[in-house]
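Anchor point for the sequence shown: position 165 equals 165 in the numbering used here, and the numbering is continuous, going up by one each time. Everything below concerns the one structure shown next.
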Amino acid sequence: MKINFGKIALGVTFFSLVLVFQNCSNAKFTTDVDANALNAVTGDPNGGDDASCRPTTVSSSKIVKVLFIVDTSGSNAGEGGAVATDPQKKWRSATLNNFISAYQSRSNFYFGMISFQGTSAKAQIKVGNNGVFSQDMSVVNAGYNSFMNTADSGNTPYKAALSMAKSIISADLAANAAQKAAYAVVMVSDGQATDYKSPDDVIPDASSIRALAPGQVSLNTVYYYSQAFVESQTKYLRNISSIGGGQFLTANSSQTLKIDDVIQVPGVSCQ
C-alpha cells in the first residue's frame, strides 16, 4: 500500500508526492519479477549475501535503521549533454517509495536519507539541521519532499556522503545505545566518485563506518544506469559493499527494483 502523501504541500512549483508517484507508475517500468531477473546481484563472500536476513525476514523484535544515500549529481539529468540516467528522479523515487511504503507500518523500522552532489552531502530526513533516523512519517515525508525538490547537478562526492553517513550513525548510536539496532546503509549511484582518486581510497572510510558498531552495520550499494553498463564506474560501490558486509547490485533505470533484495540486515535474529 502506497504512502499517503496527498496532504503534503510541495510548494508552488511542485505537485503533491502522491502525484509524483502516480507519474512514476506511468513510466511503464517492467514488473519486479522481470527486473530482478535482469539485475546482477553480487554478495559479500563473508556472508553479506545471506538471504535469510533480508528486511522481509527480520524478527519484529529487532530495531532496523535504514539509511539511504542517494546520488543527485548532474548525470542523472543529462548535465553536459550526456544521456540522463534517471530524468525527473523516476527510478529513484519509485525505488524509495516502494520500500518505505512496504515498511512504514512496521514498528521496528526507522528511515534516514542523505543526498549528495557537487562537493557536499545533505541530510534530507532530519530534525532541525541534524540528520536522523525516524519513524515519524511527517518527518520522513518532509525529507522525501526535500530530496525531490533538489535539482540534480554537479559532481559525485562519495567521500562527503560517507562522512555524513558516519556522523548520523555515530550520533544515533550515542543517543540510543541500549537499542542495539541494526544499521543498513543503502547507497545508490549512477557513476564513480569524484572526490576519491581511486576505488581503493574508499576502503578506509567504508571500514570506519562498519567499525562504529561491529556486527550492527552493513553497507549495501546499487549502481544504476540507462543505456550502457560501465564496469569501471562500479568499482567504488563494489568496494563499499564488500568492505561493508553488504550486497552490490546493478540496475537498469528503466526497470523497477525491489530494493528489499539488496539490503543485508546485520546482526539480526531472522525468522
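The beta carbon of each residue, even a glycine, is placed where N, CA and C say it ideally should be. Since this is a predicted model, take the numbers as computed values, not measurements.
Given a threshold of 16 other Cβ atoms within 10 Å of its Cβ, counted over all protein chains shown, does R92 qualify as buried or as exposed?
R92 is buried by the Cβ-count criterion.
Do A84 and A94 count as a contact pair if the criterion is CB distance below 8 Å?
No, the Cβ-Cβ distance between A94 and A84 is not below 8 Å.
With distances taken Cα to Cα, identify the nearest neighbour of V185 among S73, T119, G244 and G215.
Checked all of S73, T119, G244 and G215; the closest Cα to V185 is G244.
Is it buried or exposed for P157, if we count other Cβ within 10 angstroms and need 16 for buried?
With 16 or more Cβ atoms within 10 Å of its Cβ, P157 is classed as buried.
Please classify P266: is it buried, with 16 or more other beta-carbons within 10 angstroms of its beta-carbon, or exposed?
Label assigned to P266: buried.
Just to confirm before moving on: does the CB-CB distance between A181 and Q135 stay below 8 Å?
Cβ distance not < 8 Å, so A181 and Q135 don't count as in contact.
Assign F99 to one of three DSSP states: helix, strand, or coil.
Looking at F99 - three-state DSSP - the assignment turns out to be helix.
Would F133 pass as a contact of G154 if the rule is Cβ separation under 8 Å?
It is not a contact, given that the beta carbons lie outside the stated cut-off.
Name the two residues that bound the continuous alpha helix (DSSP H) containing N145.
That run of the alpha helix (DSSP H) goes M137 to M148.
Closest by CA to K90, which one among I100, S101 and M148?
Per the Cα distances, M148.
Which residue from M164, S138, V70 and T221 puts its Cα closest to that of S262?
Reading off the sequence, residue 262 comes out as Val, not Ser. With distances taken between Cα atoms, V262 lies closest to T221.
Looking at C-alpha atoms only, which residue of G131, I259, S232 and N141 is the closest neighbour of Q192?
Of the candidates G131, I259, S232 and N141, the one whose C-alpha sits nearest the C-alpha of Q192 is S232.
Output yes or no for whether 8 Å exceeds the beta carbon distance between L237 and Y225.
No, Cβ-Cβ distance for L237 and Y225 is not below 8 Å.
Could you tell me which uninterrupted alpha helix (DSSP H) segments, each at least 4 residues in length, are contained entirely in the segment 113-193, listed from first to last along the chain?
If we require 4 residues or more, the alpha helix (DSSP H) runs fully inside the segment 113-193 come out as 137-148 and 158-175.
What do you get for P199, buried or exposed, if any count of 16 or more other CB atoms within 10 angstroms of its CB means buried?
Flag for P199 reads buried.
What does a CB cutoff of less than 6 Å around F109 pick up in its chain, not counting 5 residues either side in sequence?
Taken in chain order, the residues that qualify are V64 and Y103.
Is the segment 250-258 touching the segment 202-219 in the sense that three or more CB pairs, one from each, lie closer than 8 Å?
Flag = no, the segment 202-219 and the segment 250-258 do not touch.
For the alpha helix (DSSP H) holding S207, just list the boundary residues, first then last.
Per DSSP, S207 belongs to the alpha helix (DSSP H) from I203 to R210.
Look up S213 in the DSSP assignment and say whether it is helix, strand or coil.
The question names Ser, but residue 213 in the sequence shown is Ala. Coil.
Thinking C-beta only, is I69 closer than 8 Å to M187?
Closer than 8 Å, so yes.
Flag this pair as yes or no: are the beta carbons of G131 and I114 separated by less than 8 Å?
Yes. Within cutoff.
Please list, in chain order, all residues of the same chain as D172 whose beta carbon is under 6 Å from its beta carbon, the five residues on each side excluded.
So the list reads F133, once near-sequence residues are dropped.
Going by DSSP in three states, T72 sits in which element: helix, strand or coil?
DSSP places T72 in coil when its eight states are reduced to three.
Would you mind sorting T119 into buried or exposed? The rule is 16 or more other CB atoms within 10 Å of its CB.
Answer is exposed; the Cβ neighbour count stays below 16.
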